[in-house]
Amino acid sequence: SDRDKRVESAKISITALLKSWSGFLLLLNPSINGISTIINMLPLTEPYIQCIRQILEILYSSFHLKIPQWTDDYRIAIASVGKILAN
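For the sequence shown, the working numbering begins at 10 and goes up steadily by one.
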């Protein structure tokens with residue numbers, strides 16, 4: 010759908026900004042509030058879960074981190090983080 014294409018384009022753009030020094034500094038510019046806007050979206054609740062996942066995928070891929078397993082069970086989440094830290 011058109012919305013999915015726009016979301017994918019936004020993800021690619023934000024990832025490209027985060028992977029370059031000039032883009033990273035632009036997102037850190039206080040007059041733009043780029044990175045703070047992205048981070049402030051993370052505490053959103055249920056209707057925005059997909060948006061939060063997209064943001065986390067952007068951040069993980071930008072910093073070349075392995076994306077942890079998605080789960081609602083905190084025990085699985087903790088185990089997943091332990092596996093990532095062990096590698």
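Think of the CB as a built atom: it goes at the ideal place given N, C-alpha and C, for glycine as much as any other residue.
Note that the structure is predicted; figures quoted are calculated from it, not measured.
Item, Value
"Let me know the secondary structure DSSP gives LEU34 once reduced to three states.", "helix"
"With 16 as the cutoff for other CB atoms within 10 Å, does ILE67 come out buried or exposed?", "buried"
"Which same chain residues end up closer than 7 Å to THR24 when comparing Cβ atoms and leaving out the 5 residues on each side of it in sequence?", "ILE67, SER70 and SER71"
"Which residue comes first and which comes last in the alpha helix (DSSP H) that contains LEU26?", "11 to 27"
"For ILE4, which three-state DSSP category applies?", "Absent from the model: residue 4. The displayed extent of the chain is 10 to 96, so no value can be given."
"State the Cα-Cα distance for the pair ILE47 and GLN59, rounded to the nearest angstrom.", "14 Å"
"If I follow the unbroken alpha helix (DSSP H) through GLU66, where does it start and stop?", "58 to 71"
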